[in-house]
Amino acid sequence: MRVRLPLLIVVVWALTALCAHWLPLAPNRIQLEHILDPPGLHAVLGYDDLGRDIGARLAVGARTSFLVSLWVVGLSLLFGTLLGTATAYHGGWWDRVAVQVVDIFLAFPGILLAIALAGLLGPGLDNVVIALTTVGWVGYARLARAQVLSLKHREHVQAAEALGSRRWRIMRRHLLPLMAAPLIVEATFGVAAVVVAEAGLSFLGLGVQPPAASWGAMIRDGTRYLLVAPHMVLAPGMAMLAVVLAVNLLGDRLRDRLDIRLTNDTGLRE
Amino acid sequence: MLSYLIQRLFGACLVIFGVVSIVFLLIHLVPGDPVDTMLGESASGADRAALRTALGLDQPVAAQYLDYLGGLLQLDLGRSIHQRQPVLDLLLERLPATGLLALATLCVTVLLALPLGIVAAIRRNTVWDSAAMSFSLLGVSIPNFWLGPLLILVFALWLGWFPVSGQGGPAAVVLPALTLGTGLIAVLSRMVRSSMLEVLHEDYLRTARAKGMPPARVILHHALRNALLPVITLLGLQLGALLAGAVITETVFSWPGIGLLMIESIQSRDYPVVQACVLLISVCYVVVNLLTDLAYAWVDPRIRLGAHA
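Chains U and A supply the protein sequences, listed in that same order.
Be aware that the first sequence starts at 1, since it is given in the working numbering, and climbs by one per residue.
Be aware that the second sequence starts at 1001, since it is given in the working numbering, and climbs by one per residue.
Now the structure itself:
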């Protein structure tokens, strides 16, 4: 029961994101007679300051946040794991340099570096992905390193080494399968963090460009009409909070199921 | 202790050097010509050349880097392109507002997180406990940029208790501080709870109770004091992260601090100011973390004396 509701929310989020293109939505259609209309029969969630259907924009915003979090978490997981695993397994000088680089990236608090990068690169979704990945890979690299350090002296790895397996093969066949569980749990929490981070960047005007929709940009537009049209802020915020809570709860369940203790999160969390 | 101190100081210096280097590289990582982005496409050739010389962009990257490092050592952060004054002056002008916000957030956090955690620990597994912990789960998940507008909506617009934004009087700091502090309150109250739960079963508490000490005094004097060490560490470690959150919170409330300055500079493409803001916040973060670690080591004899063993 406690898994079903979060799972439902995440599935609805993913399906909306994947199908938003084919749904009969008009997120950019301006209807001047409906400007700032509260929720009603025509539009379940009301209209925004340009008379656009908030429900439709919410669906397109779901697509933005879903795609960004998929890309960012995917790329961060790939780079972070590869780097952390390779340097930790190699050890010595490489490992020391990698640890120092990770420490330097961790010295930037929260999403500060992502804000600066996104600001300097200019608005646009690909720049958001670049900025968040630059900040996000560090957590996975550190986790992968810790895992490799605890695994590399195990007997099965030593046996593989003694049999003359190549490094690459040992990492792929003997280390990565055992590291997968904690990395997957970390990536689940990472999705929630990226959803918030993307919305945060869009809120600051550093994310999607105006006609496109993002939950963060919708909240920013809504703050100007708080008194007359609070639904403009409430709808996207509720959607985001629901997704973030659901993903975090699923992550908790997954962690309990896989029996993992994580030391820290990816650093993207606010 | 001394070798631990030297080791930590050296590590921190290395990290700060890395941070400075990345901040320097930021402007060079931007694809295309930073001068074009800053001036727009309509600028004349002479203007471009002038800005390029002013920023030192006509020199080789290595020379620029040495220049930048040399400037930093003399606290010279360059000149703002739009405001036409030293970046350092701009930062100093905005620093008090951010400092006030951080201080207020700290007060709000301690005032709310301690009682919340203590009540949850004493009334463990009751409605109080689960209410406090649900609040804390919600607090971690709710982002600043949504909580801020919500608080404005309820407490400023509907109830009219606090001003909407800006710096009009002491009441104006309450909503920004609450917004910035909620995440920290959530994390800290959990820490207080678990830390109190560990202490509550100690023998010395039973002794204190047995000799007839009032329950409130037992909790505040004997339990809380011993439970506070990990809480203070967490507070120190999170304090630096608070500064990053301030960027968004200050934007929500138009609070004229370093964070708002950074966003304004990003919008006006004033790159030297953006660099300086990132540098200031990150270095503060590193220094606060270092001080927390050192304070912890100084208080905890296991680390203080462990260095000798």
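Every residue gets a Cβ at the ideal spot worked out from N, C-alpha and C, and that includes glycine.
Establish whether the CB of T1233(A) and some CB of chain U are separated by less than 8 Å.
-> Counting from one through the second sequence, the residue named residue 1233(A) turns up at place 233. So no, T1233(A) is outside the interface.
CB-CB under 6 Å to V3(U), same chain, minus the five flanking residues each way: which ones, in chain order?
-> By one-based count along the first sequence, residue 3(U) stands at place 3. Within the same chain, R253 come within 6 Å of V3(U) by CB-CB distance, once the 5 residues on both sides are set aside.
Within the region 33-109 of chain U, ranges of the beta strand (DSSP E) (whole runs, at least 3 residues) | If we require 3 residues or more, the region 33-109 of chain U turns out to have no beta strand (DSSP E) run fully inside it.
Under a Cβ-count criterion, where at least 16 other Cβ atoms within 10 Å of its own Cβ denotes burial, should T188(U) be classed as buried or exposed?
-> As a first step, residue 188(U) must be located in the first sequence, where it is residue number 188. That one is buried.
Using the Cα positions of A1307(A) and I1006(A), report the straight-line distance between them to the nearest angstrom.
-> For the purposes of this step, residue 1307(A) is identified with residue 307 of the second sequence, where counting begins at 1. For the purposes of this step, residue 1006(A) is identified with residue 6 of the second sequence, where counting begins at 1. With a pLDDT of 49 at A1307(A), under the threshold of 50, the modelled position of this residue cannot be trusted; read the value that follows with caution. Approximately 12 Å between the Cα atoms of the pair.
Would you decide whether F105(U) is buried or exposed? Buried here means 16 or more other CB atoms lie within 10 Å of its CB.
-> The residue you call residue 105(U) lines up with position 105 of the first sequence. Around the C-beta of F105(U), 16 or more other C-beta atoms lie within 10 Å, and the residue is accordingly described as buried.
For A199(U), go through chain A and note every residue whose CB falls closer than 9 Å to its CB, in chain order.
-> Taking the first sequence and counting its residues from 1, one reaches residue 199(U) at position 199. Close to A199(U), with beta-carbon spacing below 9 Å, are these residues of chain A in chain order: P1143, F1145, W1146.
Give a yes or no on whether 8 Å exceeds the smallest Cβ distance from P24(U) to chain A.
-> One-based indexing of the first sequence puts residue 24(U) at position 24. So no, P24(U) is outside the interface.
Whole-Å CB distance - L1331(A) paired with T1105(A), under 8 Å assumed = Only positions 1001 to 1309 of chain A appear in the structure, and residue 1331(A) is not among them; the question remains open.
Between which two residues does the alpha helix (DSSP H) carrying Q1267(A) extend?
-> Counting from 1 along the second sequence, the entry for residue 1267(A) is found at position 267. Per DSSP, Q1267(A) is one residue of the alpha helix (DSSP H) stretching across 1258-1267.
Does any residue of chain A bring its CB to less than 8 Å from the CB of M218(U)?
-> Your numbering for residue 218(U) matches position 218 in the first sequence. Taking 8 Å as the CB threshold, M218(U) stays off the interface with chain A.
Of the choices M240(U), A192(U), A239(U), whose alpha-carbon is the least far from that of S69(U)?
-> Taking the first sequence and counting its residues from 1, one reaches residue 69(U) at position 69. For the residues M240(U), A192(U), A239(U), the minimum Cα distance to S69(U) belongs to A192(U).
With DSSP as the reference, label R224(U) as helix, strand or coil.
-> Translated into positions along the first sequence, residue 224(U) becomes position 224. Coil.
Please say whether M1262(A) and C1277(A) have beta carbons closer to each other than 8 Å?
-> For the purposes of this step, residue 1277(A) is taken as residue 277 along the second sequence, with counting starting at 1. For the purposes of this step, residue 1262(A) is taken as residue 262 along the second sequence, with counting starting at 1. It is a contact, given that the beta carbons lie within the stated cut-off.
Kindly list the residues whose CB is nearer than 8 Å to the CB of L1138(A), restricted to its own chain and excluding five residues on each side of it in sequence; keep chain order.
-> Translated into positions along the second sequence, residue 1138(A) becomes position 138. Hits under 8 Å: A1186.
Starting from N248(U) and walking both ways along the alpha helix (DSSP H), at which residues does that stretch end?
-> The residue given as residue 248(U) occupies position 248 in the first sequence. DSSP places N248(U) in the uninterrupted alpha helix (DSSP H) bounded by 231-258.
Hey, quick one: how far does the alpha helix (DSSP H) through F1024(A) stretch, first residue to last?
-> Taking the second sequence and counting its residues from 1, one reaches residue 1024(A) at position 24. Note, F1024(A): alpha helix (DSSP H), 1002-1029.
With 16 as the cutoff for other CB atoms within 10 Å, does A59(U) come out buried or exposed?
-> Locating residue 59(U) in the first sequence gives position 59, where the first residue counts as 1. Counting Cβ neighbours within 10 Å, A59(U) comes out buried, since at least 16 surround it.
Verify the CB distance criterion: does S1282(A) have a CB-CB separation below 8 Å to chain U?
-> Along the second sequence, one-based indexing puts residue 1282(A) at 282. Between S1282(A) and chain U, the shortest Cβ-Cβ separation is below 8 Å.
Nearest-angstrom Cβ-Cβ length linking V244(U) and V208(U), presumed shorter than 8 Å = For the purposes of this step, residue 244(U) is identified with residue 244 of the first sequence, where counting begins at 1. For the purposes of this step, residue 208(U) is identified with residue 208 of the first sequence, where counting begins at 1. About 19 Å; that fails the 8 Å criterion.
Straight-line gap, A26(U) to C19(U) (C-alpha atoms, nearest Å) | For the purposes of this step, residue 26(U) is identified with residue 26 of the first sequence, where counting begins at 1. For the purposes of this step, residue 19(U) is identified with residue 19 of the first sequence, where counting begins at 1. Rounded to whole angstroms, A26(U) to C19(U) spans 14 Å at the Cα level.
DSSP puts P1086(A) in a beta bridge; with which residues?
-> Indexing the second sequence from 1 puts residue 1086(A) at position 86. R1079(A).
Whole-angstrom distance between V72(U) and G139(U), CA atom to CA atom = Here residue 139(U) corresponds to residue number 139 of the first sequence, with the count starting at 1. Here residue 72(U) corresponds to residue number 72 of the first sequence, with the count starting at 1. For G139(U) and V72(U), the gap between their C-alpha atoms comes out near 13 Å.
Buried versus exposed, by CB contacts within 10 Å (16 or more), E1250(A) | Here residue 1250(A) corresponds to residue number 250 of the second sequence, with the count starting at 1. By the neighbour-count rule (16 or more Cβ atoms within 10 Å), E1250(A) is buried.
Does the region 105-114 of chain U come within contact of the region 130-144 of chain U, defined as at least 3 CB pairs closer than 8 Å?
-> Contact between the region 105-114 of chain U and the region 130-144 of chain U is present: three or more C-beta pairs spanning the two stretches fall below 8 Å.
Please check the pair G1245(A) and A1097(A), which I expect to be a contact at CB under 8 Å, by giving their CB distance rounded to whole angstroms.
-> In the second sequence, counting from the first residue as 1, residue 1245(A) sits at position 245. In the second sequence, counting from the first residue as 1, residue 1097(A) sits at position 97. Between A1097(A) and G1245(A) the Cβ distance is about 15 Å, and since that is not below 8 Å, they are no contact.
Given a limit of 9 Å on CB to CB distance, which residues of the region 1075-1104 of chain A reach chain U?
-> Per Cβ criterion, the list is empty.
Between P1230(A) and M1191(A), which are expected to be in contact by the criterion C-beta below 8 Å, what is the C-beta distance as a whole number of angstroms?
-> If you number the second sequence from 1, residue 1230(A) lands on position 230. If you number the second sequence from 1, residue 1191(A) lands on position 191. In this structure, P1230(A) and M1191(A) form a Cβ contact; the two beta carbons are roughly 6 Å apart against a cut-off of 8 Å.
Option nearest L1116(A) by Cα separation, candidates I1281(A), S1136(A), L1291(A) | The count along the second sequence starts at 1 and reaches residue 1116(A) at position 116. When only C-alpha atoms are compared, the closest one is S1136(A).
Less than 8 Å between the CB atoms is what I'm expecting for G1240(A) and V1288(A), so what's the real figure, rounded?
-> In the second sequence, counting from the first residue as 1, residue 1240(A) sits at position 240. In the second sequence, counting from the first residue as 1, residue 1288(A) sits at position 288. Taking C-beta atoms under 8 Å as the contact rule, G1240(A) and V1288(A) qualify, at a distance of about 4 Å.
Look at L83(U) and A141(U) and say whether their C-beta atoms are less than 8 Å apart.
-> Residue 83(U) sits at position 83 when you count from the first residue of the first sequence. Residue 141(U) sits at position 141 when you count from the first residue of the first sequence. Contact flag set, yes.
Boundaries (first-last residue) of the alpha helix (DSSP H) holding W13(U) | Position 13 of the first sequence, counted from the start, is the residue given in the question as residue 13(U). Residues 4-19.
Under 9 Å between beta-carbons, which chain A residues line up against L5(U)? List them in chain order, please.
-> Here the question's residue 5(U) lines up with position 5 in the first sequence. Simply none; closest approach about 14 Å.
Closest by CA to G1071(A), which one among I1081(A), A1049(A), Q1083(A), L1055(A)?
-> As a position in the second sequence, residue 1071(A) is number 71, starting the count at 1. Among I1081(A), A1049(A), Q1083(A), L1055(A), the Cα nearest to that of G1071(A) is on L1055(A).
Relative to the alpha-carbon of G1011(A), which residue among R96(U), D53(U), Y47(U), A88(U) has its alpha-carbon at the smallest distance?
-> In the second sequence, the residue the question calls residue 1011(A) occupies position 11. Checking every option, the nearest Cα to that of G1011(A) belongs to R96(U).
Integer Cβ distance of P1149(A) from V233(U), believed to fall under 8 Å = Your numbering for residue 1149(A) matches position 149 in the second sequence. Your numbering for residue 233(U) matches position 233 in the first sequence. Between V233(U) and P1149(A) the Cβ distance is about 5 Å, and since that is below 8 Å, they are a contact.
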